[in-house]
Amino acid sequence: MKLFHGTNIDIESIDISHGLRYKDFGKGFYATPDRNTAVRMAQKRARLFGGVATLITYEFDESALQCDLKIKRFSETASVEWFLFVDANRDRKNTEPVHDYDIIIGPIANDGVVLQLTNYREGIFSPEQAARLLQDKYLDQQYYFGTERALHYLRKIKAETV
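Numbering (the working numbering), first residue to last: 21 to 182.
Now the structure itself:
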């Protein structure tokens, strides 16, 4: 399966330690099966941080999903479980990782999700209400790689300017 990573520089080899801590699924490497989503991410990163919008294509060996890696797969739509998981990973009060998964597959928390996270944290909505409000929205999918073992199933194919 092809996965795409949008960035502002070419990455020769993935270094998980460069990942940002308070992302949807925590510190790790993220990719998406949707090329257009990755292109938008690349263009946004280049606009915000400089560099050149770069799309990196990887081949993901899906046998990883049948081996002894610890894998979490969320449904493709918003669920209470996914919503609370993203909230815990993004919560800056959590100074330690909130999970030990090698690979996580699930929706990307876009701006609409961030708004509902804020509403939840401010007590405006319960997790159930917030997830219900997100049910009808299409949320792009992402693959999170949180360990070196998981990264062994990714092979870089090419990098291109977009």
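Cβ atoms here follow ideal geometry from the backbone N, Cα and C, with glycine treated the same way.
Bear in mind that the values here come from a model prediction, so they are computed numbers and not experimental data.
Let's see if you can read the secondary structure: which residues bound the alpha helix (DSSP H) around residue i?
| i | result |
| --- | --- |
| Gly132 | 131 to 141 |
| Lys64 | 55 to 69 |
| Phe103 | 100 to 110 |
| Leu159 | Where Leu159 is concerned, there is no enclosing alpha helix (DSSP H), given that its DSSP letter is neither H nor E. |
| Glu168 | 168 to 171 |
List the whole-angstrom C-beta distance separating residue i from residue j, where the pair is believed to meet the contact cut-off of C-beta under 8 Å.
| i | j | result |
| --- | --- | --- |
| Gly26 | Arg67 | About 12 Å; that fails the 8 Å criterion. |
| Gln162 | Thr52 | 5 Å |
| Ala58 | Thr181 | Not a contact, Cβ separation roughly 13 Å. |
| Tyr42 | Arg93 | With 8 Å as the limit, Tyr42 and Arg93 do not qualify as a contact, their Cβ atoms being about 22 Å apart. |
Under a Cβ-count criterion, where at least 16 other Cβ atoms within 10 Å of its own Cβ denotes burial, should residue i be classed as buried or exposed?
| i | result |
| --- | --- |
| Asn56 | exposed |
| Tyr126 | Correcting the residue type first, residue 126 is Gly in the shown sequence and not Tyr. Gly126 should be labelled buried. |
| Gly70 | exposed |
| Arg110 | buried |
| Leu171 | buried |
| Gly132 | exposed |
| Gly143 | exposed |
| Tyr173 | buried |
| Arg75 | One point to set straight first is that residue 75 is Leu, not Arg, in the sequence displayed. With 16 or more Cβ atoms within 10 Å of its Cβ, Leu75 is classed as buried. |
| Ala106 | Contrary to the premise, residue 106 reads as Val rather than Ala in this sequence. Label assigned to Val106: buried. |
Select from the options the residue whose C-alpha is nearest the C-alpha of residue i.
| i | options | result |
| --- | --- | --- |
| Leu104 | Glu168, Tyr140, Phe165 | Tyr140 |
| Trp102 | Leu154, Asp30, Ile31, Ser37 | Leu154 |
| Phe165 | Glu116, Arg175, Val59 | Arg175 |
| Ile128 | Glu142, Gln149, Tyr158 | Tyr158 |
| Ser33 | Thr181, Glu180, Glu168, Val182 | Glu168 |
| Asp35 | Ile29, Arg41, Glu116, Phe49 | Phe49 |
| Phe80 | Ile123, Val134, Asp160, Glu148 | Ile123 |
| Phe96 | Gln63, Asp160, Arg112, Gln86 | Per the sequence shown, residue 96 should be read as Glu rather than Phe. The candidate whose alpha carbon is nearest that of Glu96 is Asp160. |
| His183 | Asn28, Asp30, Ile29, Asp44 | Since the first and last residues shown for the chain are 21 and 182, residue 183 lies out of range. |
| Pro117 | Leu40, Ala62, Ile29, Ile31 | Leu40 |
Considering just the uninterrupted stretch of the beta strand (DSSP E) at residue i, what are its terminal residues?
| i | result |
| --- | --- |
| Ala51 | 49 to 51 |
| Ala179 | 174 to 181 |
| Phe80 | 74 to 80 |
| Lys22 | 22 to 27 |
Taking only the alpha-carbon atoms, compute the straight-line gap between residue i and residue j and give it to the nearest angstrom.
| i | j | result |
| --- | --- | --- |
| Ala151 | Ser99 | 5 Å |
| Tyr121 | Lys178 | 27 Å |
| Arg60 | Ser83 | 29 Å |
| Met21 | Ala108 | 29 Å |
| Asp54 | Leu23 | 7 Å |
| Ile91 | Gly46 | 14 Å |
| Thr138 | Ser146 | 11 Å |
| Thr115 | His38 | 17 Å |
Counting only beta-carbon atoms, is residue i nearer than 7 Å to chain D?
| i | result |
| --- | --- |
| Arg67 | The chain labelled as chain D is not found in the depicted structure, where only one protein chain is given. |
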